[in-house]
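Chemist: For the sequence shown, the working numbering begins at 87 and goes up steadily by one. Note that beta-carbon positions come from the ideal geometry of N, C-alpha and C, so glycine has one too. Keep in mind it's a predicted model, so treat the numbers as computed, not measured.
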Amino acid sequence: MAKLTANYAAFLIIFAAILSTFQAQVTKYCEHEIVVGTGPSRGPTTKLKMLIEAIGGRNINTTNLIKNWGAMGPKHTYFLPNSRDKFKATLPCLPANFCYVQIGGKKGELVPHWFLNNITVETKGDGIYRFKSFNNFGDDGDVKFIYPYVDDGECP
């Protein structure tokens, strides 16, 4: 009987260790919302790429911001003058806050003098709430090019 109890206890310990290892590998997901604020001129309507980097080097990279993240409805026209456009995606949570953003497109895709006032990134998840605003794009927000890209922020 003692041998059976010892075997049962050993089984429970091994099972608990395996279960805790499995739980540690479960990926937590967060909702990431990006809001792009534009100025007095219309922005590009073509495929834009965005890279958002977090402290520590991990990042979120999309090759088509409007198609993959657009949250304003299928008939919405993005980047109109003086607008705030939302983009959302549910992706794995990153371990730290964002510190750098880059937005770009292909050569020749920019309407001259697109005013990009700010880009805010908000992250929500289980026990996670992070917010970061990027505001330094060109002279007073006057973006003269998006090829190769414009950026703001600096990661440690």
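1) Measuring straight from C-alpha to C-alpha, what distance separates C116 and N204?
2) Mind checking T113: buried by the 16 CB within 10 Å criterion, or exposed?
3) Span of the beta strand (DSSP E) holding N154?
4) Please report the distance separating the alpha-carbon of V187 from that of G159.
5) Assuming the contact rule is C-beta atoms closer than 8 Å, P167 and P126 should be a hit. Round their C-beta distance to whole Å, please.
6) Let me know if H118 comes out buried or exposed under the rule of 16 or more other beta-carbons within 10 Å of its beta-carbon.
7) Taking only three categories from DSSP, how would you classify K114?
8) Measure the Cβ-Cβ separation of I152 and L134 and say whether it is below 8 Å.
9) Return the Cβ separation of W155 and F173 in integer angstroms, given the expectation that the two are a contact with Cβ distance under 8 Å.
10) Going by DSSP in three states, K133 sits in which element: helix, strand or coil?
Modeler: This is what the structure gives:
1) Roughly 22 Å separates the two Cα atoms.
2) exposed
3) Per DSSP, N154 belongs to no beta strand (DSSP E); it is in the alpha helix (DSSP H), 151-155.
4) 24 Å
5) About 5 Å separates the two Cβ atoms, so the contact holds.
6) Buried is the call here.
7) coil
8) yes
9) 4 Å
10) coil
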